[in-house]
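K.L.:
This structure is in structure tokens; I'll ask about it shortly.
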Amino acid sequence: MIKQLLIGILLVSFAVNGQRSIDCKAVTSKYPSDLSAKRLAAKILKDFSSNEERSEAAFCWIANNIKYNLFAYSDPKRKVIGFRYRDEEEKRRKLLAIKDSIVDHTLKTKKAVCEGYAQTLSKIYTHLGLENVVVKGYVRNSTYDIGNEQQIPNHAWNLVKVNSEWRIVDATWAAGSVINGRWQQSYDDYYYDIPREHYLKTHFPENRRWKFGSRLSREEFYSQPIYTTEFLRTNLELIEPLQGIIAKRKSKELTLKIKNLDSVQRVLYGISTNRYAQKPEITYKDSIGYVKVKSFRKSNRLFLVIDGKVHVEFKLI
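Residue numbers for the sequence shown, in my numbering: 80 to 396.
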């Protein structure tokens, strides 16, 4: 599933990405466009000296060179691949052939949905000698998804082991996002080595092993607010409310408690019935900002905006 940004309020914003240790795009952008996974891995092995750099370089190349196939994602007649097998060995061989076909098609067309991104990156990591896993699971894109628990996985991403540690990486979400119905390519390095403490705010693996000991349930995952990359990059912590659905009938106002909120930060809130963001009442005590929101009872969505960027989204019922 592709990442979607649905902005319904007027904001002026400036994007600032964190700096990584290597300029992988500067190097990999010079690679020929018709490389196979094996040849691409060979060039990365030559140009980068450590497994850390190689892991990030492969990720960077995929996210910057593969466009999201929005048509395939939206196609109601999407092909479902099925096959029969006599034993586990035949099953393994047929699954491998399907994965190889996905990788070949992705590299040939330079387009994919999440499965293509994940399988292609996995293939390159394997050629680089890096232990890796394709993870199937769940993600949420908008306030519509809050409380709307899905039963079938809707996304795929990767884990890669570097220096004996599993790194969580999502090349699909790093590649860009859908804005007002159109996919726009924009590399976001946050999704290389996603911090463990934020992982389950955005991704929920089908296999509980890849929850890394967390007891968070799928229902609880879906009940959270929507946290944007802009929020997750900061040291801000939402203390209250931790539920993404707010019953607006119970009160005419709502107080958001945010740890590490600074008084110099420009805080606004947006609601779905008002085109313009509004200024809340804010008080500060013991490193916590208390953001009081009013006049939202006729709306169905609430956005917390900090320094011109949407940080957290809630569903109002």
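C-beta atoms are modelled at their ideal positions from N, C-alpha and C, and glycine is treated no differently.
These numbers come from a predicted model, not from an experiment.
(1) What separation, rounded to the nearest whole angstrom, lies between the Cα atoms of arginine 275 and alanine 116?
(2) With burial defined as no fewer than 16 other Cβ atoms inside 10 Å of the residue's Cβ, what is the status of aspartate 272: buried or exposed?
(3) Is there contact here, the stretch 162-175 with the stretch 184-194, by at least three beta-carbon pairs under 8 Å?
(4) Give me the Cα-Cα distance between proline 155 and serine 243, rounded to the nearest whole angstrom.
(5) Could you pull the start and end residues of the beta strand (DSSP E) that lysine 215 belongs to?
(6) In this structure, how does DSSP classify arginine 261 when only helix, strand and coil are distinguished?
(7) Taking the alpha-carbon of tyrosine 204 as reference, which of Lys290, Asp126, Val241, Ser330 has the nearest alpha-carbon?
(8) Where lysine 331 and serine 256 are concerned, what is the direct C-alpha to C-alpha distance, given to the nearest angstrom?
(9) Is the stretch 342-355 touching the stretch 371-382 in the sense that three or more CB pairs, one from each, lie closer than 8 Å?
(10) Does DSSP classify lysine 403 as helix, strand or coil?
(11) For proline 118 and lysine 190, I'd like the C-alpha separation in whole angstroms.
(12) I'd like to confirm the pairing. Which residues does DSSP put opposite threonine 334 in its beta bridges?
(13) Inspect the beta-carbon positions of leucine 149 and arginine 261 and report whether they are closer than 9 Å.
(14) Select from Ile337, Ala197, Gly161, Lys373 the residue whose C-alpha is nearest the C-alpha of isoleucine 141.
(15) Lysine 109 to lysine 388, Cα distance in whole Å?
(16) Within 10 angstroms of the Cβ of glutamate 392, are there 16 or more other Cβ atoms? Answer buried if so, exposed if not.
(17) Taking its Cβ as the centre, do 16 or more other Cβ atoms sit within 10 Å of asparagine 211, making it buried, or is it exposed?
(18) Identify whether lysine 109 lies in helix, strand or coil by the three-state DSSP scheme.
(19) Using 10 angstroms around the beta-carbon of tyrosine 217, count the other beta-carbons present and answer buried if the total reaches 16, otherwise exposed.
P.N.:
Let's see:
(1) Arginine 275 and alanine 116 have their alpha carbons spaced roughly 28 Å apart.
(2) Burial is judged here by how many other beta carbons sit within 10 angstroms of a residue's own beta carbon; aspartate 272 has at least 16 and is buried.
(3) As far as the Cβ criterion goes, the stretch 162-175 does not touch the stretch 184-194, which means the pair count is below three.
(4) Note that proline 155 has pLDDT 49, beneath the 50 cutoff, so the model's placement of it is unreliable and the number below is only indicative. Rounded to whole angstroms, proline 155 to serine 243 spans 42 Å at the Cα level.
(5) Bounds of the beta strand (DSSP E) holding lysine 215 are 211-218.
(6) DSSP places arginine 261 in strand when its eight states are reduced to three.
(7) Taking only the C-alpha atoms, the option nearest tyrosine 204 is Val241.
(8) Each residue's CA atom was taken as its position, placing lysine 331 and serine 256 some 34 Å apart.
(9) With the cut-off at 8 Å, the stretch 371-382 and the stretch 342-355 touch.
(10) With the chain represented from 80 up to 396, any question about residue 403 goes unanswered, as that position is not in the structure.
(11) First, the residue type needs correcting, since residue 118 is arginine and not proline in the sequence shown. Straight-line measurement puts the Cα of lysine 190 at about 19 Å from the Cα of arginine 118.
(12) According to DSSP, threonine 334 bridges with Lys371.
(13) In this structure, leucine 149 lies near arginine 261, with their beta-carbon atoms less than 9 Å apart.
(14) It is Ala197 whose Cα lies nearest to the Cα of isoleucine 141.
(15) Going from the Cα of lysine 109 to the Cα of lysine 388 covers about 33 Å.
(16) Around the CB of glutamate 392, 16 or more other CB atoms lie within 10 Å, so the residue is classed as buried.
(17) Under this definition asparagine 211 is a buried residue.
(18) Assignment of lysine 109 by DSSP, reduced to helix, strand and coil, places it in the coil class.
(19) Burial of tyrosine 217 is indicated by the presence of at least 16 other C-beta atoms within 10 angstroms of its C-beta.
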